[in-house]
Amino acid sequence: MSGPSLRPWRDRVVATARAMNDLGLVRGSSGNVSARVGEKILITPSGVPYCSMRGQQVMTMTIEGHVLSGSGVPSSEWRMHAAIYRARPDVRAIVHTHSPYATAASFQQSFPVAPDEARLLFGEEVPVSRPAPPGTWELAEAVTEALAAGRGALIARHGAVAVGQTLGMALLHAEKIEEVAKLSLLLAIHEGRGG
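Letter by letter, the sequence shown follows residues 21 to 215 in the numbering used here.
Written out as structure tokens, the structure reads:
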């Protein structure tokens, strides 16, 4: 696939990034969104605010990290996206957020999933990766290991990552992680554990 056939995908990546911003899961240009189309990755560019991003700015890359098209540079977390796509052929979309509750929860070793409906998505706990520097292969490996076969994970001291077979499902999973993190932290306060 090339050229015009990727345009709808680029527009979907932008729409998902804007929705992520509108939902309060990120601010400005933090976080990132990608979609896997065949053997190509479409990923948000680095440093472009989602409110002004256009489809032609979305970067097209190979899974090995070679830039094929787009303006600017790919998100600094492209390695994490590429590693997840390599490890998980079932994943077609990734949403990485810096949402407040998930980011706060990412400073813990793990956190329990309270609502029964969320347990269906994540199991008993949302895993937390081991700490690693942002934008590195070390972080990519740590997140891929924590994610394993799941739908989402917390990136230690950083944020959250959610995956899905569609951009909409990945975004929904990111929303659920934020909801679960908020409830978990509120329950910890209520139970006197302080988080």
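A virtual CB, placed ideally from N, CA and C, is assigned to each residue, including glycine.
- In the displayed model, G172 falls within a strand according to three-state DSSP.
- Judged by DSSP secondary structure, G188 falls within the alpha helix (DSSP H) whose first and last residues are L187 to H210.
- Around the beta carbon of V93, fewer than 16 other beta carbons lie within 10 angstroms, which makes this residue exposed.
- Minimum Cα-Cα distance from T164 among the listed residues M81, L203, G58 and V111 corresponds to V111.
- Contact between I104 and V183 holds: CB atoms are separated by about 6 Å, below the 8 Å threshold.
- Just measuring C-alpha positions, the residue of H178, A102 and V78 sitting nearest Y121 is H178.
- The beta-carbon separation of A194 and S126, rounded to 13 Å, does not stay under the 8 Å limit for a contact.
- Taking all protein chains in view, the Cβ of T64 is crowded by 16 or more other Cβ atoms within 10 Å, so the residue is classified as buried.
- The alpha carbon of A162 has as its nearest neighbour, out of A176, R108 and G170, the alpha carbon of A176.
- The C-beta separation of Y70 from A37 comes to about 4 Å, placing the pair in contact by the 8 Å criterion.
- Distance from the Cα of T82 is smallest, within the candidate group H210, Q129, M40 and L62, for L62.
- Our two residues, Q77 and G188, have alpha carbons roughly 20 Å apart in a direct line.
- Across the set V146, V87 and G172, the C-alpha of G172 shows the shortest separation from the C-alpha of R108.
- Taking 8 Å as the cut-off, the Cβ atoms of N52 and S119 do not count as close.
- Bridge pairing for I61: R56 and M81 [DSSP].
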